[in-house]
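Working notes for the structure below.
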Amino acid sequence: MITQYCLGGRWVLMLIAIFGFIFGELAWGINGYAAPELNNSQTLSNFYQQAISSPIRTNEDKRADATRKPVEFLQFAQVRPGMRVLDLATGNGYTTQLLALIVGSTGTVWAQGDNQRPAFIKRLADHPQSNIVPVIRPFEDPIPDAAPKLDLITNIMNYHNSTYMSVARRARLNQRLFKALKSGGHLIVIDHSAKTGTDITTAKTLHRMDQAIVLDEIQKAGFRLEQESNFLRNPSDPRNQAYFDMEIPTDKFAFRFVKP
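As structure tokens, this is what we get:
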């Protein structure tokens, strides 16, 4: 009798585990949330891959993955569940949604833009994610009101647009980002690379930047360069054309800055 009871107990535990796994998978697919135990780099890489495979991501996003390399991006940005993240110039929401899938229900992603694009509005309407908070603010002053200290800020393929502002206004923007992060927090800057020595004014026509200018301006705000990555480099890019005129992926620099 005792043996039968123990065996039954084992079956009950097994059924609980099975249903728990199924429920977790459904919650991921429906809500875009997950909060696994992350103990090592392999587990984290698997978690990133699971997020990238989420059914709530659009087919357009998944086609873009080949050139945007989301696993490498998430690894470089060191995104973790529970983080408070600001995604600058969110656009159609490719990066925002990916970040939200990782930070999960215990984290928040503020999606900043001076307006909301129809594609972003549709994305949230098709698959609402309560951990995504749209923020309509000018790029020059993007920090949400009453936001807590942030763990991460992402500025993806957009720093070149800041060249429409004066040097002083760009400096104020970078200082605002520095102030918004907690100590040890990170700023990720990825952009289309211009040739070394290219004048900053050409960013308005080429929509590219000399990475040396970006390094100089951001470090002047108090940030320290923690790591540079080559995962989006393309040595075949002549770097003398606007990115939207390219038939091959552009050469891109990727910097991770830290607030000391």
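Here the sequence shown is numbered in the working numbering, starting from 12 and rising by one per residue.
Note that beta-carbon positions come from the ideal geometry of N, C-alpha and C, so glycine has one too.
Limits of the unbroken alpha helix (DSSP H) element including residue i
i: ILE224; result: 222-231
i: ILE132; result: 129-137
i: PRO81; result: 81-88
i: ALA182; result: 178-191
i: LYS215; result: 214-217
According to DSSP, residues forming a beta bridge with residue i
i: GLU239; result: PHE266
i: ARG95; result: THR119
i: THR165; result: ASP98 and ILE199
i: LEU109; result: Paired residues: none, contrary to the question.
i: GLY124; result: ILE147
i: SER204; result: MET220
C-beta atoms of residue i and residue j nearer than 8 Å
i: THR117; j: PRO92; result: yes
i: ALA77; j: ILE113; result: no
i: ILE229; j: ALA88; result: no
i: SER204; j: PHE264; result: yes
i: ASN185; j: ALA232; result: yes
i: LYS193; j: LEU236; result: no
i: THR212; j: ASP221; result: no
i: LYS190; j: PHE234; result: no
i: THR69; j: THR106; result: no
i: ASN169; j: ALA111; result: no
i: ALA136; j: THR174; result: no
i: PHE150; j: ASP125; result: yes
Nearest-angstrom Cβ-Cβ length linking residue i and residue j, presumed shorter than 8 Å
i: GLN123; j: ASP98; result: 7 Å
i: ALA253; j: HIS197; result: About 29 Å; that fails the 8 Å criterion.
i: VAL82; j: TYR59; result: 5 Å
i: ILE259; j: SER247; result: 6 Å
i: ASP152; j: ARG187; result: 7 Å
i: VAL120; j: ILE147; result: In fact, because the Cβ distance is near 15 Å, the residues do not count as touching under 8 Å.
i: VAL225; j: ASP202; result: 7 Å
i: ARG134; j: GLN108; result: 6 Å
i: ASN245; j: ASP262; result: 5 Å
i: PHE242; j: LYS80; result: 6 Å
Element boundaries [beta strand (DSSP E), containing residue i]
i: PRO153; result: That residue, PRO153, is in no beta strand (DSSP E); it is neither H nor E in DSSP.
i: PRO145; result: 143-147
Beta carbon proximity, residue i to chain D, threshold 8 Å
i: LEU243; result: The displayed structure is made up of one protein chain only, and chain D is not part of it.
Residue i CB to nearest heavy atom of the ligand HEM below 7 Å
i: GLN123; result: This structure does not include the ligand HEM; it has no bound ligands of any sort.
query: Can we say the segment 128-135 touches the segment 150-167, given the rule of at least three CB pairs closer than 8 Å?
result: The segment 128-135 is not in contact with the segment 150-167.
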